[in-house]
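Engineer: Before I ask anything, let me first share the structure, which is written out below as structure tokens.
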Amino acid sequence: MKQFRAFVIKEFYHIFRDRRTMLILLGMPITQILIFGFAINMEVTDIAVAVLNPNPDTYTNQIIERVNANDYFHVDYTIHSQNEIDELFKQNKIDLAIVFPNNFNEDLVHSGKADLQLISDTSDPNTGTIIVNYASGIIADYQKEINNISGNPPYQIVATTRMLYNPEMKSSYSFVPGVMGLILMVISTMMTSISIVREKERGTMEVLLASPLRLSQILIAKTIPYLSLSFINLLTILYLASFLLGVPIRGSLFLIIIISTLYIFLSLLLGLLISTIAKKQVEAIIMAGIGLTMPVMLLSGMLFPIDNMPFLLEKLTHIIPARWYIVIMKKLMIEGLDFTFIIKELSILLGMTGLILALSMLNSKKRLE
Amino acid sequence: MGTLKFLIEKEFKQTLRNSIIPKLIVGYPIMVMLIFPWAINFEVKNIKVSVVDHNNSVYSQRLIQKVDASKYFIINNITSSYDEAMVDIEKTNADIILEIQPFFDKNIVKNKTADVMLSANSVDGTRGLLGNAYLSQILNDYSSELRSELAHTDMSPKHKMSAINIIPQYKFNENLDYKVFMIPALMVMMVTLICGILPALNIVSEKENGTIQQINVTPISKYQFILAKLIPYWIIGFIILSIAFVVVGLLYGIWPAGGFFPLYISSLVFIVGISGLGLIISNYSETLQQAMFLAFFFILIIILLSGLFTPIASMPKWAQIVAYSNPLSYFMEIMRMVYLKGSSYRGIANPLLFLTAFAVGFNTWAVLSYRKR
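Sequences listed follow chains A and B, in order.
Using my numbering, the first residue of the first sequence is number 1, and each one after it goes up by one.
Using my numbering, the first residue of the second sequence is number 1001, and each one after it goes up by one.
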């Protein structure tokens, strides 16, 4: 037992000696929370507009004025031909073009109907359609104004809406569990795999094996400092999320911490597995860093909703532990549900942990002979 | 000049000695372009609805049918208990509850107005918002239908309404396919990861191996040394992107509207810049672990604050400053402009200029920061 403790302390020294990395490891969650909490959002604002108005008159001018008066829109260009529209889009100078036909005012007054064209840049489909929705809303309001209508037309079904769990629809609510899933996994996996492979590369692994400790004890001793580091990161993230971003922690904090610790443990074991496959540090870095980052960021549900994915891909996401962890965290933190609702996801995580452990043990027996 | 050739040859040999790298160069772009475009989608659909119908009339059932027929919604359950529907939400079997009040039919016919309650799970804010918007749209359509059916029996005088008919036109990506928008983003992300991290590992592994001492005692100049280290990564980046372009074109039928030439020119400048950044990190690190984490730290930040996933315009001022000092933002803009809009050189001239400035800056810094100790 004393020898085990000595090993663990040695591993801690390794980390403390590398100040720079330690700073990054502790600083990463902070920057991620700041970025995800404040910078990443899908709101559409700052819409640049070009207007083609061949016959400026009361109605057309009023519509343009209404659009410009709205906080989100600003009319930057008044153009005189359709050709200019394309070029302005291609130079990314406008997001929306409003095109009035020649007889807009006349048509509206005499026949009560007039057309109006809204051309939007739908490179980003959501943004493009939201822009058209906003503009249509402004024009619809204007239409009510000129018709002196207030209130609802007859036979209108009125909906009252309630936003459950996240009434202000803050994107940070769904991002924070994602950040937890990404940071905890990537750091733990990378640190463990690099550390073990480094010893193999330097030849110091042989020295360790010659010591009275068993291989399994050596490996566990290696993971303990990273477990503590990740645990500190977990607490940092929870603290920042709750006090800086106002993300609620409605469920049992105890459960959250226990399950997160399980997840950290899983990631450490994954790092262990990678270390049995990689022969060099560079390989370990490529596998754990480049290989893991993209799938976890894109397929775990942290950025892109899994509900949208086609059937096969959705099944593929089942392999990624972060996916299940994120679901559990959302249910515990934001929906405040209790244990019975996460049994399925928890069992999957436990199963994965066991599998990775078994694989690592199988592999490491072969390797170090 | 001869020295340079030998140095480049040495670099190639060293790099390829890691058996994983050739596999990475060929396999990674194929895998990334094969799998991820299907995942990176902000579209909201397959919204599961649990209906609580307190009315059970022809009118309420018609509403339910309309929701069922919509491509956005899937009816999960029809019940008469709100609590049961809430359990659906908690078990993630439903995303939104549509509650139809009792006397729905009587209210429509007699009082000309009726209420429904929408409760949306908004943990994912966008999903809640859009689910709400789509359902409201269905309600509006239904209201219009009822209006034209029932207004015949209505005795109130009609008045003349002026109607402005809006014709929307969607330009670039008319099919509103998210893949087209996000595939350039995937390419940028992939190139950044590989051409940013691998060079960062390069000089540091020489430091760790001790071979750096041998280079330091040779008369090779700093410029030659750094240049020889960079060139293999330019070539690797070039190959990776080319494979990606081809896979995307063959698999999804998406080819750059602006042609390959502007694409390759900007990609080259970007790769030069980002590998320069990797080398800078390498110069300032003593161990592989340090280099890896430093590189990863920066790369994660610049990927997120570049307009790749979310627009720069939606960011707060401080984040925008970071985004505009970020070479990725400009490269991302160019890639999307050329792929989607077919922008000519006039369109990409500005961002390309910035990219060139970054490339020059980073590489100068890389050369200057290398010290033969």
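Glycine included, each C-beta is placed from N, C-alpha and C at the ideal position.
The beta strand (DSSP E) that contains B:V1109, what's its start and end?
Structural biologist: Indexing the second sequence from 1 puts residue 1109 of chain B at position 109. B:V1109 -> no beta strand (DSSP E), and no H or E assigned at all.
Engineer: If you check the beta carbons only, do A:S300 and A:R323 fall under 8 Å apart?
Structural biologist: In the first sequence, the residue the question calls residue 300 of chain A occupies position 300. In the first sequence, the residue the question calls residue 323 of chain A occupies position 323. Taking 8 Å as the Cβ cut-off, A:S300 and A:R323 qualify as a contacting pair.
Engineer: Starting from the C-beta of B:I1008, find all residues in its chain whose C-beta is less than 8 Å away, skip the five residues before and the five after it, and write them out in chain order.
Structural biologist: Indexing the second sequence from 1 puts residue 1008 of chain B at position 8. Answer for B:I1008: A1228, I1231, P1232, listed in chain order.
Engineer: Starting from B:E1099, follow its DSSP beta bridges and name the residues at the other end.
Structural biologist: What you label residue 1099 of chain B is simply residue 99 of the second sequence in a count that begins at 1. For B:E1099, which the question treats as bridged, DSSP gives the partners B:V1052, B:M1117.
Engineer: Pick from A:A288, A:D18, A:T261, A:N308: whose alpha carbon is nearest that of A:M329?
Structural biologist: Indexing the first sequence from 1 puts residue 329 of chain A at position 329. For A:M329, the nearest C-alpha among the options comes from A:T261.
Engineer: Straight-line CA distance for B:P1102 to B:D1053?
Structural biologist: In the second sequence, the residue the question calls residue 1102 of chain B occupies position 102. In the second sequence, the residue the question calls residue 1053 of chain B occupies position 53. Cα to Cα, B:P1102 sits roughly 8 Å from B:D1053.
Engineer: Would you decide whether A:E106 is buried or exposed? Buried here means 16 or more other CB atoms lie within 10 Å of its CB.
Structural biologist: Taking the first residue of the first sequence as 1, we reach residue 106 of chain A at position 106. Its Cβ having fewer than 16 others within 10 Å, A:E106 is exposed.
Engineer: Would DSSP call A:K2 helix, strand or coil?
Structural biologist: Within the first sequence, numbered from 1, the residue matching residue 2 of chain A stands at position 2. Residue state, collapsed to three classes: helix.
Engineer: Run through the segment 100 to 143 of chain A for me and flag every whole alpha helix (DSSP H) of 4 or more residues, listed as ranges in chain order.
Structural biologist: Entirely contained in the segment 100 to 143 of chain A, the alpha helix (DSSP H) runs reaching 4 residues are, in chain order, 104 to 111.
Engineer: Applying the criterion that 16 or more other CB atoms from any shown protein chain within 10 Å of the CB defines a buried residue, is A:A210 buried or exposed?
Structural biologist: Within the first sequence, the letter at position 210 stands for residue 210 of chain A. The residue in question, A:A210, is exposed, as its Cβ has fewer than 16 Cβ neighbours within 10 Å.
Engineer: Taking only three categories from DSSP, how would you classify A:Y263?
Structural biologist: Within the first sequence, residue 263 of chain A is the residue found at index 263, counting from 1. Note: A:Y263 maps to helix in three-state DSSP.
Engineer: Using alpha carbons as the reference points, say which of A:P212, A:I139, A:Y165, A:L184 lies closest to A:H331.
Structural biologist: As a working mapping, residue 331 of chain A is identified with position 331 in the first sequence. Sequence inspection shows Lys at residue 331 of chain A; the His mentioned does not correspond to that position. Of A:P212, A:I139, A:Y165, A:L184, the residue nearest in Cα terms is A:Y165.
Engineer: Report the CB separation of A:I157 from B:V1116 in whole angstroms; it is logged as a contact under 8 Å.
Structural biologist: On the first sequence, position 157 is the one that residue 157 of chain A refers to. On the second sequence, position 116 is the one that residue 1116 of chain B refers to. Yes, they are in contact, since the Cβ atoms of A:I157 and B:V1116 sit about 6 Å apart, within 8 Å.
Engineer: Restricting to runs no shorter than 4 residues, where is the alpha helix (DSSP H) found entirely within the segment 190 to 221 of chain A?
Structural biologist: Runs of alpha helix (DSSP H) with 4 or more residues, each lying fully within the segment 190 to 221 of chain A, are found at 204 to 209, listed in chain order.
Engineer: Taking the CB atoms as reference points, tell me whether A:L184 and A:N233 lie closer together than 8 Å.
Structural biologist: Here residue 184 of chain A refers to the residue found at position 184 when the first sequence is read from its first residue. Here residue 233 of chain A refers to the residue found at position 233 when the first sequence is read from its first residue. A:L184 is a Cβ neighbour of A:N233, given a cutoff of 8 Å.
Engineer: Have a look at A:G203, A:I342, A:S242, A:A221 and flag the residue whose alpha-carbon is nearest the alpha-carbon of A:K10.
Structural biologist: The count along the first sequence starts at 1 and reaches residue 10 of chain A at position 10. Proximity to A:K10 across A:G203, A:I342, A:S242, A:A221 peaks at A:A221, based on C-alpha coordinates.
Engineer: What residues in the segment 1303 to 1324 of chain B bring their beta carbon closer than 7 Å to a beta carbon of chain A?
Structural biologist: L1304, L1305, F1309, T1310, P1311, A1313, S1314, M1315, P1316, A1319
Engineer: Identify, in the order they occur along the chain, each residue of the same chain with its Cβ nearer than 7 Å to the Cβ of B:P1157, setting aside the five sequence neighbours on each side.
Structural biologist: As a working mapping, residue 1157 of chain B is identified with position 157 in the second sequence. A caution first: B:P1157 carries a pLDDT of 48, below 50, which makes its placement in the model unreliable, though a value can still be read off. Hits under 7 Å: none found.
Engineer: From the DSSP output, in three-state form, read off B:Y1284 for me.
Structural biologist: Here the question's residue 1284 of chain B lines up with position 284 in the second sequence. In the structure shown, B:Y1284 sits in coil (DSSP, three-state: anything other than H, G, I, E or B).
Engineer: Give the C-beta separation of A:V192 and A:T223 to the nearest angstrom, bearing in mind that I take them to be a contact with Cβ-Cβ under 8 Å.
Structural biologist: Position 192 of the first sequence, counted from the start, is the residue given in the question as residue 192 of chain A. Position 223 of the first sequence, counted from the start, is the residue given in the question as residue 223 of chain A. Looking at the sequence itself, residue 192 of chain A is Thr, so the reference to Val does not match. Sure, about 6 Å apart at Cβ, within 8 Å.
Engineer: Are three or more beta carbon pairs between the segment 1052 to 1067 of chain B and the segment 1276 to 1286 of chain B nearer than 8 Å?
Structural biologist: no
Engineer: Check whether the Cβ atoms of A:A131 and A:I237 sit closer than 8 Å, and answer yes or no.
Structural biologist: What you label residue 131 of chain A is simply residue 131 of the first sequence in a count that begins at 1. What you label residue 237 of chain A is simply residue 237 of the first sequence in a count that begins at 1. For the record, residue 131 of chain A in the displayed sequence is Ile; it is not Ala. Against a cut-off of 8 Å, the Cβ pair of A:I237 and A:I131 comes out as no contact.
Engineer: Indicate the three-state DSSP secondary structure (helix, strand or coil) for B:S1156 in the structure shown.
Structural biologist: By 1-based counting over the second sequence, the position of residue 1156 of chain B is 156. Caution applies to B:S1156, whose pLDDT of 48 falls short of 50 and renders its modelled position unreliable; the value that the coordinates give is listed next. Coil at B:S1156, not helix or strand.
Engineer: Which two residues bound the contiguous beta strand (DSSP E) that contains A:D76?
Structural biologist: If you number the first sequence from 1, residue 76 of chain A lands on position 76. Unbroken beta strand (DSSP E) run through A:D76: 73 to 79.
Engineer: In whole angstroms, give me the CA-to-CA distance for A:T340 and A:L255.
Structural biologist: Here residue 340 of chain A refers to the residue found at position 340 of the first sequence. Here residue 255 of chain A refers to the residue found at position 255 of the first sequence. If you draw a straight line from the Cα of A:T340 to the Cα of A:L255, it comes to about 12 Å.
Engineer: Nearest chain B C-beta to A:M352 closer than 8 Å, yes or no?
Structural biologist: As a position in the first sequence, residue 352 of chain A is number 352, starting the count at 1. Not closer than 8 Å to any Cβ of chain B, the Cβ of A:M352 fails to qualify, so no.
Engineer: For B:G1361, which three-state DSSP category applies?
Structural biologist: Position 361 of the second sequence holds residue 1361 of chain B. B:G1361 falls in the helix class under three-state DSSP.
Engineer: Under 8 Å, Cβ to Cβ, is there at least one residue of chain A near B:D1105?
Structural biologist: Stepping through the second sequence from its first residue, residue 1105 of chain B is reached at position 105. No, its Cβ sits nowhere closer than 8 Å to a Cβ of chain A.
Engineer: Run the CB neighbour count on B:I1040, radius 10 Å, all protein chains shown included, and call it buried at 16 or more, exposed below.
Structural biologist: The residue given as residue 1040 of chain B occupies position 40 in the second sequence. Buried, by the Cβ-count rule.
Engineer: Count the other CB atoms, across all protein chains shown, that sit within 10 Å of the CB of A:G37; report buried if there are 16 or more and exposed otherwise.
Structural biologist: Counting from one through the first sequence, the residue named residue 37 of chain A turns up at place 37. Its Cβ being crowded by 16 or more others within 10 Å, A:G37 is buried.
Engineer: Who are the Cβ neighbours of A:T122 in its own chain at under 6 Å, not counting the five residues just before and after it?
Structural biologist: Translated into positions along the first sequence, residue 122 of chain A becomes position 122. Excluding residues within five positions, the ones whose Cβ falls inside 6 Å are G128.
Engineer: So the alpha helix (DSSP H) A:Q91 belongs to, where does it begin and stop?
Structural biologist: The count along the first sequence starts at 1 and reaches residue 91 of chain A at position 91. First-last for A:Q91: undefined, no H or E at that position.
Engineer: Where does B:T1092 sit, in a helix, a strand or coil, going by DSSP?
Structural biologist: Residue 1092 of chain B sits at position 92 when you count from the first residue of the second sequence. Coil at B:T1092, not helix or strand.
Engineer: Straight-line CA distance for B:L1193 to A:Q281?
Structural biologist: For the purposes of this step, residue 1193 of chain B is taken as the residue at position 193 of the second sequence. For the purposes of this step, residue 281 of chain A is taken as the residue at position 281 of the first sequence. Rounded to the nearest angstrom, the two C-alpha atoms are 17 Å apart.
Engineer: Classify A:G27 as buried or exposed, calling it buried when 16 or more other Cβ atoms lie within 10 Å of its own Cβ.
Structural biologist: On the first sequence, residue 27 of chain A is found 27 positions in, with the first residue counted as 1. That one is exposed.
Engineer: Can B:S1275 and B:I1334 be called in contact, C-beta distance under 8 Å?
Structural biologist: Residue numbering aside, residue 1275 of chain B sits at position 275 when the second sequence is read from its first letter. Residue numbering aside, residue 1334 of chain B sits at position 334 when the second sequence is read from its first letter. Contact flag unset, no.
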